[in-house]
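Asker: First to last, the protein sequences are chains A and B.
Counting in numbering that gives the first Met the number 0, the first sequence runs from 0 upward without gaps.
Counting in numbering that gives the first Met the number 0, the second sequence runs from 0 upward without gaps.
Ideal Cβ positions, reconstructed from N, Cα and C, are used throughout, including at glycine.
All of these numbers come straight from a predicted model, not from anything done at the bench.
2 protein chains.
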Amino acid sequence: MIAIQAYLQQKASHVEKRLADMVDMPRVPDTLREAMTYSLLAGGKRLRPVLVLATAEALGSDEETALPFACAVEMIHTYSLIHDDLPAMDDDDYRRGRLTNHKVYGEAMAILAGDALLTKAFGVIAEGVLQADLPPETGLELIHEGSIRAGAEGMVGGQVKDILAENKQVDLTHLQEIHRAKTGDLITYSVRMGAQVAGATSSQIAAVTAFAEGIGLAFQIQDDILDIVGEQEKLGKTTGSDEEKNKSTYPALLGLETSRQWVTELITEAKASITSEPSINGNYLLAIADYLVSRDR
Amino acid sequence: MIAIQAYLQQKASHVEKRLADMVDMPRVPDTLREAMTYSLLAGGKRLRPVLVLATAEALGSDEETALPFACAVEMIHTYSLIHDDLPAMDDDDYRRGRLTNHKVYGEAMAILAGDALLTKAFGVIAEGVLQADLPPETGLELIHEGSIRAGAEGMVGGQVKDILAENKQVDLTHLQEIHRAKTGDLITYSVRMGAQVAGATSSQIAAVTAFAEGIGLAFQIQDDILDIVGEQEKLGKTTGSDEEKNKSTYPALLGLETSRQWVTELITEAKASITSEPSINGNYLLAIADYLVSRDR
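Structural data, given as structure tokens:
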């Protein structure tokens, strides 16, 4: 039995320490640095960076090599949250029980802090490759893939699809397409980046990609479930906010019980794609998959 | 005598053609693609991409190799304009005589179109290096430098400094610091990228960097001069808008005549740093420098 909570906390704290170093930049206006730091160090599960680290280690790399890539993914995730919370978008005042970035620093600074984090992320990846002496072609491929998965064809496109689907009847295929882009692509990127940093073979990469796609979808369905049944104080946001915003959810389309069954199936399949590849030392990845289903926040 | 207008128009049209191809992406929601295209293909001088191409060619590279890098810089520039025009920032309704992005597509889509263009730019650089068979380390260094010059330490930081300086008395050093970051860094990056794509030596890179820093500052001073003396219809924006927004300008600090003299000196010095390096075939760069001072828009 793996102590996954302790593992997650330890990895998250390493990521947070490195993130704090990375944004402690000279030559940056104080207000901008503070706004970037406020959201970057606002806690949270750190799921994406932990996935980078866990995948890299499962494939024989070490934390030190993988850490910059973990931080880059968290910067991209954080920028997307800052921009999503803006009045023009989801108009959220609170996230994880704290005021959102624009409520503290104003809209202009929130937009720019997001822009700066996104811009920084790509430099962090490039630097990570150069400093760890990884094959530079791998670095360019990682950046190219990140640009697609985080951009118009991936995460940003997913946010647009989500906005366009508000107040509309959305079927299951469409809902999956939205989430594949909006949240799935960055989770998949995290895992694939960890694998490539470790110099994984193409069959190893295929295995962890299938794993990531499975847990990414399961994570989203679980989020929708928690939004309905979760207790407000545990989530730190208003329960039922999807319903309030008239957003389509898996429980609304499939019912709560079928949604839960699907999560279980997805996690089982995701774990199987790891265990079917004996060269992957995947104990922590398997534990993370289980953790995602058992979590109550 | 070089026909610089024809040269600029030809290069701009090549850049625009390639940009149109690059944003013609499948798997992107139509509205997002349209919003990205609207601002990316809105015309303009295309100064930054032309500088990439002209520098690369001056150092022995060819347009085809340099074109992706030129397009990447224009994507970064365009995203910054879209975000700067937002109500929370400069709140501009028009740019180059057309409605700004958010006036056509709404604020949410404008924010996301900017995010998508910035994200795309880094992928375009990575792909440009991989496809042209340039040294991959060079590609990683270009991405790292771009991340700094376009980010919190460069362009985004400059925008923050500019916002913080509104309605305040700003001295000449401070004003230069704002512009060095806000507009200078991306112009310098354009020229340095062109040079590195051409495999320039370090003394060639030093020469074009000095050139870029000179014309970048001259360009900004000239902009301030034109804001005062330009005719409204030529600029396509309200003349005197800096004054209206209570922004510090070079003419306000130095007077119009001294500002004009300084532009002339900067351009002379910038040209000298090119001509002092005989290995640079810099006729077009010199002509671009002259053009920047003579322009009336």
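1. Taking A:D114 as part of the alpha helix (DSSP H), name the residues at either end of that continuous run.
2. Among residues of its own chain, excluding the 5 on either side of B:I204, which ones have a beta-carbon nearer than 8 Å to its beta-carbon?
3. Could you tell me whether any Cβ in chain B is nearer than 8 Å to the Cβ of A:V196?
4. In whole angstroms, give me the CA-to-CA distance for B:L98 and B:D92.
5. Excluding the five sequence neighbours on either side, which residues of its own chain have a C-beta within less than 6 Å of the C-beta of A:E230, listed in chain order?
6. So A:N100 and A:A112 are supposed to be a Cβ contact under 8 Å. How far apart are they, rounded?
7. If I follow the unbroken alpha helix (DSSP H) through A:A199, where does it start and stop?
8. Buried or exposed, going by whether 16 or more other CB atoms sit within 10 Å of the CB of A:V228?
9. Taking all protein chains shown into account, decide if B:L171 is buried (16 or more other Cβ within 10 angstroms of its Cβ) or exposed.
10. Quick one, which of A:Q175, A:A180, A:D184 and A:P277 has its alpha-carbon nearest A:Y249's?
11. Specify the secondary structure class of B:N26 as computed by DSSP and reduced to three states.
12. Identify, in the order they occur along the chain, each residue of the same chain with its Cβ nearer than 6 Å to the Cβ of A:A197, setting aside the five sequence neighbours on each side.
13. Please name the residue, chosen from A:T137, A:G153 and A:A71, that lies closest to A:S201 on a Cα-to-Cα basis.
14. Which of the three DSSP states is assigned to B:R47 in this structure?
15. Checking contacts by CB at 8 Å: is A:H13 closer than that to chain B?
16. Sort A:A151, A:A180, A:V51 and A:T208 by Cα distance to A:G7 and report the nearest one.
17. Can you tell me where the alpha helix (DSSP H) holding A:L85 begins and where it ends?
18. So, under 8 Å CB-CB, A:L291 and A:I214 are touching, yes? Tell me the CB distance rounded to an integer number of Å.
19. Since A:I186 meets chain B, which of its residues come closer than 7 Å, beta carbon to beta carbon?
20. Tell me which same chain residues have a C-beta within less than 6 Å of the C-beta of B:T182, skipping the five on either side of it?
21. Identify the continuous alpha helix (DSSP H) that holds B:R148 and give its terminal residues.
22. State the Cα-Cα distance for the pair B:S146 and A:A125, rounded to the nearest angstrom.
23. Would you check if the region 27-36 of chain A and the region 154-171 of chain B touch, i.e. whether three or more CB-CB distances between them fall below 8 Å?
24. Using the three-state DSSP reduction, which class does A:L40 fall into: helix, strand or coil?
25. Going by DSSP, name the residue or residues bridged to B:L80.
Answerer: In terms of the structure at hand:
1. A:D114 -> alpha helix (DSSP H) spans E106 to A131.
2. Taking B:I204 as the centre and dropping the five residues before and after it, the same chain places the C-beta of R191, A194 and Q195 closer than 8 Å to its C-beta, in chain order.
3. No, no contact with chain B.
4. Each residue's alpha carbon lies about 6 Å from the other.
5. Any reading at A:E230 must be qualified, since the residue scores a pLDDT of 49, below 50, and its modelled position is unreliable; the value itself is stated next. Correct list: empty, nothing qualifies.
6. Approximately 6 Å separates the beta-carbon atoms of A:N100 and A:A112; this is inside 8 Å, confirming the contact.
7. It is not in any alpha helix (DSSP H) - A:A199 carries neither H nor E in the DSSP assignment.
8. Around the beta carbon of A:V228, a 10 Å sphere encloses fewer than 16 other beta carbons of the protein chains shown; the residue is thus reported as exposed.
9. So B:L171 counts as exposed.
10. Selected option, being the one with the closest Cα: A:Q175.
11. With the sequence shown as reference, residue 26 of chain B is identified as Arg, and Asn is not the correct amino acid for it. The three-state secondary structure of B:R26, taken from DSSP, is coil.
12. Excluding sequence neighbours, A:A197 sits near A55, L58, G59 and S60.
13. Distances from the alpha-carbon of A:S201 to those of A:T137, A:G153 and A:A71 put A:T137 closest.
14. It is helical.
15. At a cut-off of 8 Å, the C-beta of A:H13 has no neighbouring C-beta in chain B.
16. According to the sequence provided, residue 7 of chain A is Leu. The question's Gly does not apply to it. For A:L7, the closest alpha carbon among the candidates A:A151, A:A180, A:V51 and A:T208 is that of A:V51.
17. Secondary structure note for A:L85: it is in no alpha helix (DSSP H), with a DSSP letter that is neither H nor E.
18. In this structure A:L291 touches A:I214 by the C-beta definition: roughly 6 Å separates them, less than 8 Å.
19. From the beta-carbon of A:I186, no residue of chain B is found nearer than 7 Å; the closest lies around 17 Å away.
20. The residues are Q219.
21. Here the alpha helix (DSSP H) through B:R148 covers P135 to A149.
22. Each residue's Cα considered, the two are about 9 Å apart.
23. Yes: the two stretches touch, three or more of their Cβ pairs being nearer than 8 Å.
24. Here A:L40 sits in coil by DSSP.
25. Bridge partners of B:L80: none, in fact.
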